[in-house]
Amino acid sequence: MPARVFVALMVTDSGALTAAELAQTLRVSPAAVSGAVRYLTRLHLVIREREPGSRRDIFRVRDEAWQDALANRDALLAQYSGSFAEGVSVVGRETPAGRRLTEAMEFFEFLRKELDGLMDRWRAHRDAPRPDGPPA
Numbered sequence: 006m007p008a009r010v011f012v013a014l015m016v017t018d019s020g021a022l023t024a025a026e027l028a029q030t031l032r033v034s035p036a037a038v039s040g041a042v043r044y045l046t047r048l049h050l051v052i053r054e055r056e057p058g059s060r061r062d063i064f065r066v067r068d069e070a071w072q073d074a075l076a077n078r079d080a081l082l083a084q085y086s087g088s089f090a091e092g093v094s095v096v097g098r099e100t101p102a103g104r105r106l107t108e109a110m111e112f113f114e115f116l117r118k119e120l121d122g123l124m125d126r127w128r129a130h131r132d133a134p135r136p137d138g139p140p141a
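Residue numbers (the working numbering): 6 to 141.
This is how it looks when you write it as structure tokens:
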């Protein structure tokens with residue numbers, strides 16, 4: 006359901022819909038929409054705003070939602086890496102389990118470093134002039 010809600014918001018011209026509009030568009034219950042937008046807001050993909058002059062909430066896709074969601078993964082990757090490091094300290098680096106944990110820890114540290122460079126390259130690509138006009 007979160008994917009359907011996210012796509013519904015992406016394809017609407019305004020990029021924003023109320024919960025009732027989402028439920029009607031997707032032909033689902035308001036409870037299903039509520040759970041989906043709660044999940045999407047936790048991932049920082051969607052934001053909840055108050056409709057001007059109304060008490061109704063509207064939901065919209067955040068600007069740079071993809072980039073922010075990926076960048077926010079750094080904390081999760083750091084948590085994984087730290088957990089594996091703790092495991093290594095418990096079982097020892099030279100044990101079979103320690104070697105597996107060390108490899109996992111190093112993998113997540115590698116991802117963290119690569120993610121920074123990847124985001125920099127994406128911004129440069131996004132902002133680069135295009136042959137058919139300025140960047141979007």
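A virtual CB, placed ideally from N, CA and C, is assigned to each residue, including glycine.
All figures in this text were calculated on a predicted structure; none of them were measured in a lab.
For residue i and residue j, what's the separation of their Cα atoms in angstroms?
{"i": "A37", "j": "M6", "result": "7 Å"}
{"i": "P35", "j": "S59", "result": "19 Å"}
{"i": "R98", "j": "M15", "result": "47 Å"}
{"i": "K118", "j": "L106", "result": "19 Å"}
Which same chain residues end up closer than 8 Å to residue i when comparing Cβ atoms and leaving out the 5 residues on each side of it in sequence?
{"i": "L120", "result": "L75, A76, R78, D79 and L82"}
Just to confirm before moving on: does the CB-CB distance between residue i and residue j stay below 8 Å?
{"i": "S94", "j": "F113", "result": "no"}
My understanding is that residue i touches residue j, with C-beta atoms under 8 Å, so please give their C-beta distance in whole angstroms.
{"i": "R67", "j": "V42", "result": "Their Cβ separation, rounded to whole angstroms, is 12 Å, which puts R67 and V42 out of contact at 8 Å."}
Only counting the same chain, and skipping five residues up and downstream in sequence, which positions put a Cβ closer than 7 Å to that of residue i?
{"i": "G103", "result": "V93, V96 and G97"}
Flag this pair as touching only if the region 8-28 and the region 60-67 have three or more C-beta atom pairs under 8 Å; answer yes or no.
yes
Between the region 69-82 and the region 118-136, are three or more C-beta pairs nearer than 8 Å?
yes
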